[in-house]
Every structure is written in C-alpha cells, then in structure tokens.
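Heads up, the sequence shown is in my numbering, so the first residue is 796 and it goes up one at a time.
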Amino acid sequence: MFRGAGHLLRLIADLVRRPRRRECPEPVRHRGVAQGREGLPVVCLVGGTDHTQLAKGISYFLSHADPRRVPHCLYDLREGAAGADPESVEAVRRTLERLAQGLALSVNGSDGRVRFRRFGLVNWLIQSSAGGPGHAGGLEGNDHTLLQGLREREFRRRRLFGLLRSPETELAVDGKVPWWVWLFAVHVFPLAWFQVRRGLGREYRWLLNQPYLAPRDPGTFIGFAERLTAPHNQVEDPEQLRKLMVNAFLEDLRVAFRRRIWRPGTARRTAYCVAVLDGTGAGNCGYPLLRTVIDVRNETGAFDPLLIISCGAEAPAAGTQARADWGHSSLWELTDRLYGGWRDAFLHTGRARNRAPWYLPVSVPPLMPPSDDPAVKEQYELTRRLEVGQDARLRIPEPPLWARRVVSLVAACAAAAVLLGTGWVFLEGERGYRRAHCGLNRFEDDAATLRTASTGECIGVSRHGFTFHSPDAALNNTLKKISEQNTTADKAHKAAPERPLVTLVHLSALLSSTGRSTGQLAYVREALQGVAAAQSRQLRSTGSAEPIVRIFPANAGSGMRFGTETVEILAGLRRQDPSIVGVTGLDQSREATNRTIRKLTAVGLPMVATTPSADSLVRQSPMYFQVSPQNKREAQIAAAYADHLVGKGGRKTARQVRVVSSADPTDIYSKNLRDDVAASFRARGFEVEKTAFAPPPAAGGEPLSDAPGPGTVGQRSCSYPGVVFFAGRAEDFESMLGGINESCNSDPPTLIGGDDVARLAADADRRTHYPGIPYDFLDFTLGSASCDGTSELYSEMNKLFPEECAKVANSSLDGHAALAFDAVKLFINAVKQLREDASDMPLTPPAVWHAISGVHGEGALDGESGIIGFGGDVDRQVPLDKLLSVQHIDGMGRPSQAGFCGRVGGQRQTAWCPPLEPEKGR
C-alpha cells in the first residue's frame, strides 16, 4: 500500500477497459467528426526497490477483476539477462516468446485464447537452422530441409496428422485397409494439404506482405524464410529483425481482437491484454523492447490491443533518448489527472513520428512498511480506505447482449435450426421435384419437360435421351440412338445454317408403363426404330433444300390418357424452340386420343398419326392426318375376305358373324370397328351378332362392366358356326385365344382379328403360345419383311439396329416401323416441297400442314406401308385406298399373306378386294 495507489488502479482500469465502439482512447470530436488516433500507452512505473511487489500487486489486481480475469502476463526481465546483450535479437525474442506463452494460457482464455500463429512461425524460423537439426551455426543446408521442417511443424500442430502417423495407428490398421488408402492418408494427403496451406495459410501470406526485411527478396516464401534462419539471420539488420518479431506478435493480438460481426467472440473481449514487465532497466532488453514496440506502432499505424506496464527501480539515465521521451520528472506525479492528461496529449501529438506521446511515466511512492505499532496500522487502514476502498476490485464491462455466449449459443442453435429447416425444405422440395419430374433433379436437361403422372408413369417430352424408365433394354437403346442423331443434327445445322432445321415430336403410349412386359412394349420400340431410320437417312442428305431433322420422343401414358398434359408441356417447349413443326405417332384410337388431337390443334401443330384408325379421329381437327386406313375401309376388306372364305365352302359355311368388342366406353377404336364391321358384313348378307367383353381392370381398379371376360367369350365361341371377328386389343385377343385353347383346341372357330391383333402376331413367342388355333388378322403392310431386300426402312435399320434384323420377319407384321417411317417421310417431303416452291417462306406448322394436304397424284409418297396420297381433295385426311392385307397364322404359328387390297407400287390387289376409289381429277 502506498499513497496514490487508488490513482494508479484507476489509471490501469481506464486503460484496460475496452470501449464498446472504436478503441482506446476515446476520440475528441470536432464538429461531429472523431479526431486523433487510437492506441494504448506504455506505462512506465518507477517504484524503487519495491518494483517487484508493485508488479505482483498489479498482476493480482488484474487476476481478480470482476466478472472475469483480465488476460495478462507477468514476466521478470531479469531472468536469463545475465551476460546477454540487452540490444540482442535473442533477448527480445525470448521475452516475446514468454509473453506469448503466458497470454496463450487457458487461464487467460475466458474470452477466447489468443493464438500466436504469425509470431510462432517467425519464432520457429529464427530458431531454426537452414541445414536442419544438428547444423545450427554450421554448414548451410538447402530449401528442401527447411520445407521438411516446416511440414513436420505443421503436422505436429494438427492432431489428425499426428494420429495418422503414430505407430499405434499403424499397428491398429495394419492389414485392415488397402495399401493405397494408407499411402494416401499418411503421405499423399498431408503433403497436398501442406502445399495448399503454404500457399493459402494466413500466416504464410502475412509474412510475405509485412513491411520489414523486404520480404519480396528473393521473391518466394521459402527464400525469405531461409533468410530468417540461422546463420543467414546473422547478416540481417537486428533492428529490422526485432521489428519483424514485434509486429508478428502484435498482429496476432490485432487479429484476435478485430471486431467482425461473424465473430461474436471478438466483441466479448472487453478488456485489453496486459504485459507486466518487471525489472525494466539498462541491464536487460526492457527499454529496447519498449522502443521497438513504439516504433512498430508508428510505422504501421495499426492499433494493437496490448497495454504494456513496465516496472523498474529507476528511470532511464539522464541524457538518453528514453529519458528525453519521458519528459521532465515533474510530470510523473501520481495524480487523478494521469489518464486525462496523457489522452489529451496523445490525441493531439499521437500521429507525430516520435516515441514521446506513447510513454506514460509514473513515479510511485515507497510502499508503506508493515508494522505492529497500532498507530501505524491505523494509518495504514486509513490510507487503504481512502486510496483503494472503491477501486480495490477492477470491474470490466460486460459484452453486448448479442455477443454473450448464451446468446451466441442460442443464435447458433437458431441458425443451425434455420439451416436445417431450410435444408429440409430444400431437400423436401427437391424430393418433391424429383417425384414430380420422373426422378430427375432440376438441373438435369430433360427435367423441365417431364412429369410423373398419377399412375406412376413418366410422361412428357424427352429432348436429351431420357428413356422414361422403360424396362425394355432394346427400347432404351433406340431412344439413345435417336438422341445421338439429334446431336448430329445440331452439329449439321451449325455447319450448314442455310439448310432448314425441323423438329418432329413422336408421341407414343406405354413408353414407361409399369407392369408391362417387354413384349407388350415391342410395338412402341418398332415405331421409334422406324422414326430413327427415317431421321438417319435424312441426315445423310446434303442438298440445300433437304431439311435437317430432329426427333423428340414423347410419352402420353398408357391408353394416351395423359395426352393433353403432354401437349401442354409441348406447347411450352415450342415457345422456346420454334423449329418444332409437327407431331407423329398418336397410338390407339381412344377418347383420350381425341382430346389429345383437339389440344394439339389448339396449340397449332399438324399431326400425322401412324396406327390409329377410328373413323371419328378425322373429325377432331382439320390439322390431323393419318397414314393408316380407317376402320370403315378395314371393315369392308374384312367383310370381302369373309365372303370369300364362306364362298369357298368347307366345314363352316354359315353366313354368320359374331363381332366381339370391348365394353370399355373409352375405347372408341373397338366400338367404331364393331359398328363398321357389323354394317359391312350385313351388306354382304351375313347375319350379325354383337358380343361384348370386359377387359381386365387396372390394378386396384373397378371392373368396367358386368360383361364376361375375353377368355369366357372365347370359350363360348367354340360352337359358333360362323365367323368370329375380334374388334379389340391384342392383349384381349390373346386372352380369348386362351379360352378357346381350353375348350376347343382341336376344333376352334373361324377367327378374324382387327389390325390391333397384328401386335400379337408380330411377337413370335406370344404368337406360338397357342398352337393348333389358326386365325386371320388385318395388317397395314404387305406382311413379313427382311433386312436383305431393297426396302429403305429395313436396310437403314440394318445399319442402326443390326440386332433387330433377326426379328424383322416377325416384327414387321404389325407395320408399326413402316407406318412411323412413312409419317416422318411425309413431313420431310412437305418441307422439301415448301423449300422448292418458296425458299424464303418461314417453316411454320400451318405452312407444313398445307403442304401435307397437297400430297396426291404424282406427288404421292410411295412409302413402306403403301402409296400415301390424299386424292387431290383438300378436305381429305386419310390416304386414298390405303394398303391393307390379310395375314393368316396357321396351326403352327407361321404367318402367310392371304391377300392384300389397296394401292401398292407395281402390284395389283387381290381379286376379292373391294374396287379402288378413283382419284379426284383422274
């Protein structure tokens, strides 16, 4: 205890407390603008022989601050100072090292420990030898040795690397992990990490950008680092070395205290770090260290949060620069104006490039000696109460509410909850997007034009090879081939932009039907192969009027039930891609097909259907065309053929016909064909009987009707004396054959199937499943084909899908490939005609529609499925006298042609066929 102790404690308290904003000292404001620089003084206490007790008392005062300890370190400069040069680099380095060790202790880390990464690196380099251990002060090594030392230093500082490289870990994993994993974990990964760390680590980058010792000489980090090692550092300027170490030490403190909104821990540092240096005098490095600290502050202009309190026995010797900087001893008096006086002087002269404004010398009276004399003890207590009664406990400010640990923890938990919630919402949204877009994420090419239907089917338009999750590998290969040809088309258009680029959408059903066998998907594959063949042939054309064709496969779901939804997707796509000029395909004649045609008309796209044949389709839109015949013509040819069969005589000569059709009200094909067949047979003198069957309901669905199933109808037809005509779908015809096989395999009725039965006949395995039951069916082609002939279609398929040629003899029976090929050719010919007639005319869908309607006479298409011409009648949407053949399947399942009707180049139709209709104008 000494007189004026309260003034000293208040001075220390004023300097230790960190302001809520800016830094110490509080600035002077002139006209609302803060003036003066920020900085903490170097407090120099002159305490005579009591300086050690004074230093310990200050340390005690800082240790027992409320509510937490002020981070500080008490260091006696006289330790190890004997025989050492006070001005030496080593003396300053040792002092800074001890201060860094003390300030980095966990006891000083209530607000977060200070990590001396920059000073630690500089300190390690100065202590290191360029030649490695055992060479200090001896022969020079090379940069490889220094790099190896730096790597080992970094690895020792990282627990993970230490764990990986420990002998215990090596024994634990020996033989349990592959050798290459061990090599990567122990050698490759640490070395790669060190290379990145050396290039991007903050302390490494700082060392090359700090202002001392010209760090850009020789231009690399390892070159500058080698200059700092022994013996190279012995030729460097000692003052520059001291400043480098001090600046590194202070920079680590600056970084730890630098306020950042994303680092609330810095706002919790409401007290500056304090270095209490005891024994400061001429015999140690105290004064050189203080001088270097002040020089670094002046030269860098940066604030550092370090309060230095120097305790010495006496002031610097008279006549020295330090004594001049301290000012006259009359200014050292311990009064309550110490802090205010220093602050005013510093704010006005702090930017002067000299050391004087930084010093705050204080002369401390002698301590009151302990005594047992009651009078002396009473005087001691009186002095203690007067001097330090209210200042015995240092109170440092609480951190802002937002920066407190509890608040930070709550905020971190809230942020984590928000992030997790946002992530969950995003993931759920992504899962929902994937569920809604056929399992594709929003960044995949086809995701925007695909949807998952309520039945689980994938519908929409595939532009980049998406396979609609088809279970048929051959179908997937076909879709992939079309995608490859689309890429080729894009490249061809870039190479020859004068050629027109047109895109056709081939709209199918059952591309992704769940529960369908690959055999039932075969007709879709064959149609797409026909489309691909037409596209491939056209891509090899090089004329300026020859269009470059792209094909976008599209799926409308089983039974075309999601056709309108698919067309809505197509409408959006067409707004982005005006090269889309038409649609081919349109499987099955159902009510959903009618709705799809009307929707396509509203969008303004012409259509060329391949296999639909219901009479009502042409009434849905003037933009609708088809390359297949109508049910009306099919019924006329079926009646003519049946009349021919009955006329030949034989066992069953009754002129009766039982027309078997579906009870499904949405299947307009079956109803329309039933009515057309009944009318045509009745016109030929047949007695007509109509029988309905109920197709099996979808999984979990209700029966469509109380009518018997197709198998039961087959059983009931065994004793029928006339012709049984099946006007339904191929899968139901197969069920009816099963019923006949069970009841009258040895004596089956006379069976004729509509064109849809061709799908069953085209599958050799399914066709031969019921041997002994012969039947006839109507086909849209001449019958079996071969890849060895002169056919454009099948010669092209031999190039694209050689594995399919072995199946063509059977698969060609249903005509899907030929009809799809002709539909694409019809569009291509229309575009070519437009380019030849008016090369400047935009290739719009209406223009293409008009060109298609003019296909007739000499301009008719001699296609794979027969001659396609619209008779010169602008209102005609169905080919004139389109080819239809009757195919016979014998008891062994072998197909053969029973005759054909219609226009086929160079061939006459069979004698029993209805007469050909004359073309308009001829």
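We put the CB at the ideal spot given by N, CA and C, even for glycine.
Nothing here was measured: the structure is a model prediction, and the numbers come from that model.
The C-beta separation of Pro1111 from Tyr1082 comes to about 7 Å, placing the pair in contact by the 8 Å criterion. Taking the CA atoms as reference points, Leu916 sits about 29 Å from Gly1076.
Under the 10 Å beta carbon count, Ile1056 is surrounded by fewer than 16 other beta carbons and is classified as exposed.
When DSSP states are grouped into helix, strand and coil, Ala1502 belongs to the coil group. Short of 8 Å from the beta carbon of Pro1010, and not among the five residues preceding or following it, lie these beta carbons of its own chain, in chain order: Leu1002, Leu1003, Asn1004, Phe1019. Taking the Cα positions, Lys1394 is about 47 Å away from Cys1539.
Distance from the CA atom of Val1213 to the CA atom of Arg1086, rounded to whole angstroms, is 52 Å. Residue burial annotation: Gln943 is exposed, with fewer than 16 other C-beta atoms found within 10 angstroms of its C-beta. Exposed is the label assigned to Phe1221, since fewer than 16 other Cβ atoms lie within 10 Å of its Cβ. Uninterrupted beta strand (DSSP E) stretches at least 3 residues long and entirely within the region 1465-1523 occur at 1482-1488, 1518-1522, given in chain order. Per DSSP, the beta bridge partners of Ile1103 are Val837, Ala1070.
Taking 4 residues as the shortest admissible run, the region 1596-1647 contains the following complete alpha helix (DSSP H) segments, listed from N- to C-terminal end: 1603-1606, 1611-1632. Where Ser1691 is concerned, the enclosing beta strand (DSSP E) starts and stops at 1690-1696. Contact check between the region 1583-1599 and the region 1328-1345: three or more CB pairs, one atom from each, fall below 8 Å, which counts as touching. Taking Asn903 as the centre and dropping the five residues before and after it, the same chain places the C-beta of Pro866 closer than 6 Å to its C-beta, in chain order. Across the structure, Asn1605 and Glu1223 are spaced so that their CA atoms are roughly 48 Å apart.
The residue from Phe1575, Met1592, Thr1576, Leu1577 with its alpha-carbon nearest to that of Asp1583 is Met1592. Secondary structure of Gln1116 (DSSP, three-state): helix.
Nearest to His1651 by alpha-carbon distance, out of Glu1659, His1301, Asp1676, Phe1596, is Asp1676. Across the set Pro814, Ala1458, Gln1682, the C-alpha of Pro814 shows the shortest separation from the C-alpha of Pro1195.
Assignment of Tyr855 by DSSP, reduced to helix, strand and coil, places it in the helix class. The beta carbon of Ala1458 lies closer than 8 Å to those of Ala1487, Phe1488, Ala1489, Pro1490, Leu1499, Ser1500, Ala1502 in the same chain, with the five residues before and after it left out. When the Cα atoms are used, His1611 and Tyr1570 turn out to be separated by approximately 20 Å. In this structure, the alpha-carbon of Leu1189 lies about 47 Å from that of Ile1017. Per DSSP, reduced to three states, the secondary structure at Ala1349 is strand. For Ala1404, the uninterrupted beta strand (DSSP E) run begins and ends at 1402-1404, by DSSP. A straight line joining the alpha-carbon of Ala1387 with that of Tyr1436 spans about 32 Å.
The residues Asp1241, in chain order, have a CB closer than 6 Å to that of Phe1261 in the same chain once the five nearest residues on each side in sequence are set aside. Under the three-state reduction of DSSP, Val1159 is assigned to coil, being neither helix nor strand.
Ser1303 is positioned such that its CB atom lies closer than 8 Å to that of Ala1322.
Here the region 884-901 does not lie against the region 845-862, with fewer than 3 beta-carbon pairs under 8 Å apart.
Under DSSP, Cys868 shares a beta bridge with Ala1070. If you look at Val1552, you'll find it isn't in any alpha helix (DSSP H); DSSP assigns it neither H nor E. Leaving aside the five residues that flank Ala1328 on each side, the residues in its chain whose CB is nearer than 7 Å to its CB run, in chain order, Leu1588, Glu1591, Met1592, Leu1595, Phe1616. Ranking Gly1496, Ala1474, Ala1557, Val1455 by CA distance to the CA of Arg1511 puts Val1455 first.
Membership of Gln1035 in the alpha helix (DSSP H) is indicated by the continuous run 1033-1052.
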